[in-house]
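FYI, the numbering for the sequence shown is 3 to 259, going by the numbering used here.
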Amino acid sequence: MDLQLFSENREYWKNRAYGYSVVNQEELSGIQRKTWSQYLTEQIDEAFPGRARKDIHILDIGCGPGFISIILTEQGYSVTSADFSPDMLEQARFNAAQLTEKMHFEIQNAQDLTFESEAFDVVFSRNLTWNLQEPGKAYEEWLRVLKPEGLLLVFDANWYNYLRDEESLAGYEADRKNVYTEDFEDYNIGADFDKMERIADMLPLTGENRPFWDKDLLEEMGASRVILRENVSDILYSRKEKINYNSTPMFMIKAVK
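Here it is in structure tokens:
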């Protein structure tokens, strides 16, 4: 691992913690609270029929300011919220408010977890894998901490592929124009945005053909079933998000250990 790159990446997200928390707060007060809650409970309850939600242990890895951890805790699951940034976990605790007592928070490196093997029924991540230096090692770790027949849920997108591909760049630029026309906040422009582009340009998944890259790898690692949904953002996103990320739809990877 490039320790300098890791340090730069962690420093970037430390500085983004408050701004990212504001975005999570917007999700918690918007339609996303309902769309994500309904969709995830369907996926999880289908995987564990007859199980009480309190007995389903979920690791939200790269939890950020806590949006997913909060809505899953609200639905009665047992949630561990993990992130490599203490500042993100501080924001997650703030956003969780009275739910904090029901949640467990851990500082963890997604590529080198300290949890025991087979500790969780579900491992969940959102917008994390693209940002990892060693995504293959992360997947190994996530499968390791899953119980047999455990469920891996990964939600991500081909962020920053416009750095590699002209068609993606054209789509990205069209999104920026549409955001301006609709008079929406542009989620892709912010403080230190050029720094994140430099970091993304050095990460291995920038420009990869995802989620097919992930599916191939997980199957090589022995996952028994891997199911893809290439545009789950149609269900989960608000209109503002759909305008912001039209050319970069979110995909879902669902794998069973």
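Backbone N, C-alpha and C fix where the C-beta goes; we use that ideal spot for every residue, glycine too.
By how many angstroms is the C-alpha of residue j removed from the C-alpha of residue i?
| i | j | result |
| --- | --- | --- |
| glutamine 40 | leucine 30 | 14 angstroms |
| leucine 220 | glycine 138 | 9 angstroms |
| alanine 257 | valine 228 | 4 angstroms |
| aspartate 57 | alanine 121 | 12 angstroms |
| phenylalanine 128 | valine 156 | Phenylalanine is not the amino acid found at residue 128; the sequence shown has arginine there. So the alpha carbons of these two residues sit roughly 6 angstroms apart. |
| valine 125 | methionine 90 | 19 angstroms |
| tyrosine 79 | alanine 225 | 24 angstroms |
| asparagine 234 | aspartate 194 | For clarity, residue 234 is valine in the given sequence; the question names asparagine instead. Near 29 angstroms, if we compare the C-alpha coordinates of aspartate 194 and valine 234. |
| threonine 102 | lysine 36 | 20 angstroms |
| arginine 146 | serine 71 | 21 angstroms |
| glycine 173 | lysine 104 | 42 angstroms |
| proline 213 | aspartate 185 | 31 angstroms |
| arginine 166 | asparagine 190 | 17 angstroms |
| leucine 1 | glutamine 45 | Limits of the chain in this structure are 3 at one end and 259 at the other, which puts residue 1 out of reach. |
According to DSSP, residue i sits in a beta bridge with which residue or residues?
| i | result |
| --- | --- |
| alanine 257 | Leu154, Val228 |
| arginine 128 | Phe157 |
| phenylalanine 107 | Ser83 |
| aspartate 114 | Asn111 |
| phenylalanine 186 | Answer by DSSP bridge pairing: none, since phenylalanine 186 is not bridged. |
| phenylalanine 122 | Leu148 |
Go through its chain and collect everything with a Cβ distance to residue i's Cβ below 6 angstroms, but skip five positions before and after it.
| i | result |
| --- | --- |
| glycine 152 | Asp123, Lys259 |
| histidine 106 | Thr82 |
| serine 23 | Pro67, Gln93 |
| serine 249 | Gly173, Tyr174, Asp177 |
Give me, in chain order, the residues of the same chain whose beta-carbon lies closer than 7 angstroms to that of residue i; leave out the 5 immediate sequence neighbours on both sides.
| i | result |
| --- | --- |
| glutamine 77 | Ser39, Thr43, Arg55 |
| phenylalanine 50 | Ile58, Asp123 |
| methionine 198 | Tyr14 |
Take residue i and list the residues in its own chain whose beta-carbon comes closer than 8 angstroms to its own, dropping the five residues that flank it on each side.
| i | result |
| --- | --- |
| methionine 1 | Coverage of the chain is limited to positions 3 through 259, which leaves residue 1 absent and any answer about it impossible. |
| proline 150 | Glu120, Lys259 |
| leucine 207 | Thr131, Trp132, Leu134, Pro137, Trp215 |
For residue i, decide whether its Cβ has a neighbour in chain B, counting only Cβ atoms nearer than 7 angstroms.
| i | result |
| --- | --- |
| aspartate 188 | Here chain B cannot be found, since the structure has a single protein chain. |
Problem set entry | Secondary structure, beta strand (DSSP E): runs of 3+ residues fully inside the segment 17 to 70 | 59 to 63
Exercise. Can you find at least 3 beta carbon pairs, one from the segment 92 to 108 and one from the segment 149 to 161, that sit closer than 8 angstroms?
Worked result: Too few Cβ pairs lie closer than 8 angstroms, so no.
Problem set entry | Stretch pair the segment 104 to 123 + the segment 12 to 20: three plus CB contacts closer than 8 angstroms | Flag = no, the segment 104 to 123 and the segment 12 to 20 do not touch.
Exercise. Are there three or more Cβ pairs, one per stretch, closer than 8 angstroms when the segment 132 to 150 is compared with the segment 190 to 208?
Worked result: yes
Exercise. Should the segment 243 to 253 be regarded as contacting the segment 181 to 191, the criterion being three or more beta carbon pairs within less than 8 angstroms?
Worked result: yes
Problem set entry | alpha helix (DSSP H) runs wholly inside the segment 190 to 218, at least 4 long, in chain order | 195 to 202
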